[in-house]
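In my numbering, the protein residues as written are 2 to 264. Below is one structure, written out as structure tokens; comments come after it.
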Ligand code: DGL
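Encoded structure:
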């Protein structure tokens with residue numbers, strides 16, 4: 002294993018940064034390539050067929066170009082639809098990001114859990130499966146919010162995000178039958194931990210479950226014993242769409258993603 006071989010992160014946009022951050026905390030010297038399929042964004046309103054064909058093809062190109070040691074699909078929508086296709090198409094370890102229903106079920110006292118994701122993620126059989134395996138005695142209330150995805154992108158692009166907008170985007174989840182009894186909310190889209198402060202302010206009486214730190218631990222475990230450069234390295238951000246504007250480049254630089262490339 003070459004010490005300079007990167008870890009590849011993949012998302013439709015900036016959401017994967019919520020997985021990259023905790024990974025960099027554990028593996029500060031890991032070389033990083035962060036790929037955003039900005040030309041395909043948002044994934045949450047795409048069909049299963051679109052995601053299932055687009056994601057493995059893009060990851061194939063990225064792996065060929067950057068020769069990563071491991072790939073992280075830092076996107077719940079892509080993982081719940083395409084993780085198996087990607088794993089069978091690529092000859093390297095692939096870590097997925099799926100809704101953290103298991104830890105939420107371990108925490109919930111009311112046994113009513115909210116799953117806040119994209120519209121595509123919340124309708125996946127993968128979520129039914131997780132609920133049946135780990136939260137059989139819980140009521141699971143799912144809400145897909147394209148608005149929250151947009152608000153996360155806006156925040157990282159340096160625009161002002163209001164608590165009212167965040168509240169309005171997630172409120173329907175609490176308005177359905179039993180919604181008021183939700184005490185634990187799974188952030189089932191990697192964009193949403195980027196709005197954790199706003200969500201806590203909008204809905205202070207629930208606990209939020211962010212899968213990012215657990216995924217970071219999994220990445221550290223899978224790469225244990227491997228060699229890394231001696232110091233933190235400048236990372237590469239790859240966009241399938243137009244080059245990111247100044248504010249977003251500044252946000253990327255906070256994750257040491259200072260080399261910006263087009264795919
Ligand atoms: N960050 C993504 C997820 O975890 C997708 C957001 C989108 O493109 O709609 O599901």
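Positions of the beta carbon are idealized from the N, C-alpha and C atoms, including for glycine.
Rounded to a whole number of angstroms, what is the C-alpha to C-alpha distance between residue i and residue j?
i, j, result
"residue 210", "residue 216", "12 Å"
"residue 55", "residue 80", "12 Å"
"residue 235", "residue 119", "31 Å"
"residue 78", "residue 2", "30 Å"
"residue 157", "residue 250", "9 Å"
"residue 145", "residue 222", "32 Å"
"residue 17", "residue 99", "13 Å"
"residue 8", "residue 178", "43 Å"
"residue 125", "residue 143", "11 Å"
"residue 30", "residue 23", "13 Å"
"residue 76", "residue 12", "5 Å"
"residue 245", "residue 134", "40 Å"
Could you give the first and the last residue of the continuous alpha helix (DSSP H) run that contains residue i?
i, result
"residue 58", "49-67"
"residue 249", "247-254"
"residue 215", "213-223"
"residue 84", "77-90"
Might you give, ordered along the chain, the residues of its own chain that have their beta carbon closer than 8 Å to the beta carbon of residue i, omitting 5 neighbours on each side?
i, result
"residue 26", "217"
"residue 52", "44, 78, 79, 82, 83 and 121"
"residue 201", "209"
"residue 197", "188, 209 and 211"
"residue 170", "146, 148, 149 and 152"
"residue 64", "9, 72, 91 and 93"
"residue 96", "71, 72, 73, 74, 216, 219, 220 and 223"
"residue 6", "32, 68, 69 and 70"
Please go through the same chain and pick out, in chain order, the residues whose beta-carbon is closer than 6 Å to the beta-carbon of residue i, but skip the five residues on each side of it.
i, result
"residue 227", "2"
"residue 186", "115, 117, 207 and 209"
Can you look up residue i in the DSSP assignment and give me helix, strand or coil?
i, result
"residue 144", "strand"
"residue 207", "coil"
"residue 11", "strand"
"residue 257", "coil"
"residue 99", "coil"
"residue 131", "helix"
"residue 150", "helix"
"residue 167", "helix"
Give every residue of the same chain whose Cβ lies closer than 7 Å to the Cβ of residue i, excluding the five residues on either side of it in the sequence, and list them in chain order.
i, result
"residue 155", "162"
"residue 57", "83, 86, 87 and 90"
The beta strand (DSSP E) with residue i in it runs from where to where?
i, result
"residue 237", "236-240"
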